[in-house]
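*Asks:* As given, the protein sequences belong to chains G and X, one line each in that order. By this note's numbering, the letter at position 92 of the first sequence is numbered 93, and the numbering carries on one by one without gaps. By this note's numbering, the letter at position 192 of the second sequence is numbered 193, and the numbering carries on one by one without gaps. For glycine and all other residues, C-beta sits at the position ideal for the given N, C-alpha and C. For clarity, every value in this text was computed on a predicted model and none was experimentally measured.
Protein chains: 2
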Amino acid sequence: MGRKTGSHSEITGPKIRLAALKLFARHGFAAVSMRQIALDVGVQAGALYLYTPDKQSLLFGLMQDHMTGLLAAWATQPQPANPVDQLRHFTEFHILYHLDRPDAVFVSYMELRNLTPENFAIIEGLRRSYEDELEAILKRGQTTDVFSLPDTKIATLALIAMLTGVNTWYRQSGRLSRNKVNAIYWDMVRKAVAA
Amino acid sequence: MGRKTGSHSEITGPKIRLAALKLFARHGFAAVSMRQIALDVGVQAGALYLYTPDKQSLLFGLMQDHMTGLLAAWATQPQPANPVDQLRHFTEFHILYHLDRPDAVFVSYMELRNLTPENFAIIEGLRRSYEDELEAILKRGQTTDVFSLPDTKIATLALIAMLTGVNTWYRQSGRLSRNKVNAIYWDMVRKAVAA
DNA sequence: CTGGGAATTGAACAGATGTTCAGTTATATT
DNA sequence: AATATAACTGAACATCTGTTCAATTCCCAG
Numbered sequence: 002m003g004r005k006t007g008s009h010s011e012i013t014g015p016k017i018r019l020a021a022l023k024l025f026a027r028h029g030f031a032a033v034s035m036r037q038i039a040l041d042v043g044v045q046a047g048a049l050y051l052y053t054p055d056k057q058s059l060l061f062g063l064m065q066d067h068m069t070g071l072l073a074a075w076a077t078q079p080q081p082a083n084p085v086d087q088l089r090h091f092t093e094f095h096i097l098y099h100l101d102r103p104d105a106v107f108v109s110y111m112e113l114r115n116l117t118p119e120n121f122a123i124i125e126g127l128r129r130s131y132e133d134e135l136e137a138i139l140k141r142g143q144t145t146d147v148f149s150l151p152d153t154k155i156a157t158l159a160l161i162a163m164l165t166g167v168n169t170w171y172r173q174s175g176r177l178s179r180n181k182v183n184a185i186y187w188d189m190v191r192k193a194v195a196a
Numbered sequence: 002m003g004r005k006t007g008s009h010s011e012i013t014g015p016k017i018r019l020a021a022l023k024l025f026a027r028h029g030f031a032a033v034s035m036r037q038i039a040l041d042v043g044v045q046a047g048a049l050y051l052y053t054p055d056k057q058s059l060l061f062g063l064m065q066d067h068m069t070g071l072l073a074a075w076a077t078q079p080q081p082a083n084p085v086d087q088l089r090h091f092t093e094f095h096i097l098y099h100l101d102r103p104d105a106v107f108v109s110y111m112e113l114r115n116l117t118p119e120n121f122a123i124i125e126g127l128r129r130s131y132e133d134e135l136e137a138i139l140k141r142g143q144t145t146d147v148f149s150l151p152d153t154k155i156a157t158l159a160l161i162a163m164l165t166g167v168n169t170w171y172r173q174s175g176r177l178s179r180n181k182v183n184a185i186y187w188d189m190v191r192k193a194v195a196a
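1. Is the segment 119-139 of chain X touching the segment 58-73 of chain X in the sense that three or more CB pairs, one from each, lie closer than 8 Å?
2. Counting only beta-carbon separations shorter than 8 Å, does G29 of chain X have a partner in chain G?
3. Is there contact between the segment 68-85 of chain X and the segment 41-57 of chain X, where contact requires at least three CB pairs shorter than 8 Å?
4. Are the segment 158-165 of chain G and the segment 95-106 of chain G in contact at 8 Å, needing three or more beta carbon pairs?
5. Taking Cβ positions, are K192 of chain X and A195 of chain G nearer each other than 8 Å?
6. Quick one: residues in its chain with C-beta nearer than 7 Å to the C-beta of V108 of chain G, no 5 flanking neighbours on either side, listed in chain order?
7. Spatial neighbours of L158 of chain G within its chain, please: C-beta separation below 8 Å, excluding the five flanking residues on both sides.
8. How big is the Cα-Cα spacing for T169 of chain X and V106 of chain X?
9. Can you give the beta carbon distance from A31 of chain G to N115 of chain G, rounded, assuming they're within the 8 Å contact cut?
10. Any residues in the segment 162-186 of chain X with a beta carbon nearer than 9 Å to a beta carbon of chain G? Which ones, in chain order?
11. Grab me the residues of A48 of chain G's own chain with a C-beta within less than 7 Å of its C-beta, minus the 5 sequence neighbours each way, in chain order.
12. Does the CB of M111 of chain G have a neighbour CB from chain X at under 8 Å?
13. With a Cβ-Cβ cutoff of 8 Å, do I161 of chain G and L139 of chain G count as a contact?
14. How big is the Cα-Cα spacing for P54 of chain X and L113 of chain X?
15. List, from N- to C-terminal side, the alpha helix (DSSP H) runs of 4 residues or more that fit wholly inside the segment 166-193 of chain X.
16. Out of curiosity, what's the CA-to-CA distance linking R179 of chain X and P103 of chain G?
17. Mark L150 of chain G as exposed unless 16 or more other C-beta atoms lie within 10 angstroms of its C-beta, in which case mark it buried.
18. Can you give the Cα-Cα distance for K181 of chain X and I155 of chain G, rounded to whole angstroms?
19. When we look at the beta-carbon of Q173 of chain G and count the other beta-carbons within 10 Å, is it buried (16 or more) or exposed?
20. Any chance the CB of H9 of chain G is under 7 Å from a heavy atom of the ligand NAP?
21. On a CA-only basis, which of G:I185, G:Y186 and G:L71 is nearest I124 of chain G? Give me that one, please.
22. Quick check on this structure: which residue in X:E93, X:F61, X:R141 and X:S58 has the alpha carbon closest to the alpha carbon of M189 of chain X?
23. Give the interface partners of N115 of chain G over in chain X, defined as CB-CB distance under 9 Å, in chain order.
24. Look up A196 of chain X in the DSSP assignment and say whether it is helix, strand or coil.
25. With DSSP as the reference, label F25 of chain X as helix, strand or coil.
26. If the criterion is Cβ atoms closer than 8 Å, does the pair K56 of chain X and M35 of chain X meet it?
27. Are there 16 or more other CB atoms within 10 angstroms of the CB of I185 of chain X, so buried, or fewer, so exposed?
28. Compare the C-alpha of Y52 of chain X against each of X:F91, X:E11 and X:M111 and name the closest.
29. Give the residues of chain X in contact with M189 of chain G, contact being defined as C-beta atoms less than 7 Å apart.
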């Protein structure tokens, strides 16, 4: 047996990444074998190595793509004039972007310990950059006295933890629409940082 | 080779649970082999099966012990008179209890997907019970108009996510004492739910 | 000091693991 | 139609996996 009919790298490549993301999110990186990913794609395990040098790079690529995608998407967002509106916009952006990519979010937060030290440092740097975006907003509000925070860095981490937590319970079929979820969280965020 | 000098089940048993907890937290359940746990304890892999029927039960036992310990500890806590003080007390209790057990917390939150469905249901039930403790406080404050929340269930999950997030960044050698951390988080929690 | 139970070893089991590669088939180019 | 290259197979590799168990050694009660 050799090449399969209708096979193209632009199709198989994304298929592999998608299957890996799904399976890593569901069962965890270490619990998923290359053969399971291959089975999900409909290909033999050896074929995966045409698209990734090894399993570790596959994981790293998924996490890196997620983080750079997140940063790029935020970079294109218009910045409102005042810190309160900026924070509202960040809150909404964060919740919606994360709700749209549950698998990538899950993997990016849960599989950090399965990265090599070098890869971990890179992902950690990207995450830091994202946190800095929020902290910048909080600092601006702090200096203009519309926010009151004992520690902007801790507040940043606390808010992000709270917002990302939506992914653990939100279900599309649940009682709350995405807009309603946004409103509920914005109410808490707004008050939590209020002067 | 047979029994080792000075060997007793009351010593080896806890040693195994502790080593498993540490290694599961560091590398993840699926990434840790029974042989690695045995090596850490200083014993052969076969000896582990005198203390657990299988690897799954070892994980489940650790998670169950953590959750029941958490619930039992909270149950012994004195309940202040008004909801605001109750919430303050819950916040402090949660942060300190979790900071004291980083490995158990990490494993209990990260390895849920490696539990069998039956074991998952049990752990999930315990977690629900703990969430209900916080939600009861929020509901009491809501009815007495000291809290103002669009949705007490969501607020519960949001606050717990925020508080548990401390474990991801807190380091004993860091710039903030545990009391300072408590104060910072209580400031945000108090305001977030305020009427 | 002896006998019985408690604690552990070390080897073995069948199967799964990540990864490589010579061989094979399809697609694209001329 | 012939050729080149892209895509994939299937088998093989050494090693690791969870788990079992007869044999062995140690502890302790009588």
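*Replies:* Let me lay it out:
1. yes
2. yes
3. no
4. yes
5. yes
6. L22, F25, A26, L63 and M64
7. E132
8. 10 Å
9. 6 Å
10. A162, M163, L164, T165, G166, V167, T169, W170, L177, K181, V182, A184, I185 and Y186
11. A39
12. yes
13. no
14. 19 Å
15. 167-170
16. 33 Å
17. buried
18. 11 Å
19. exposed
20. With respect to the ligand NAP, the structure offers nothing, as it holds no ligand at all.
21. G:L71
22. X:E93
23. H28, G29 and A32
24. coil
25. helix
26. yes
27. buried
28. X:E11
29. A156, A159 and A193
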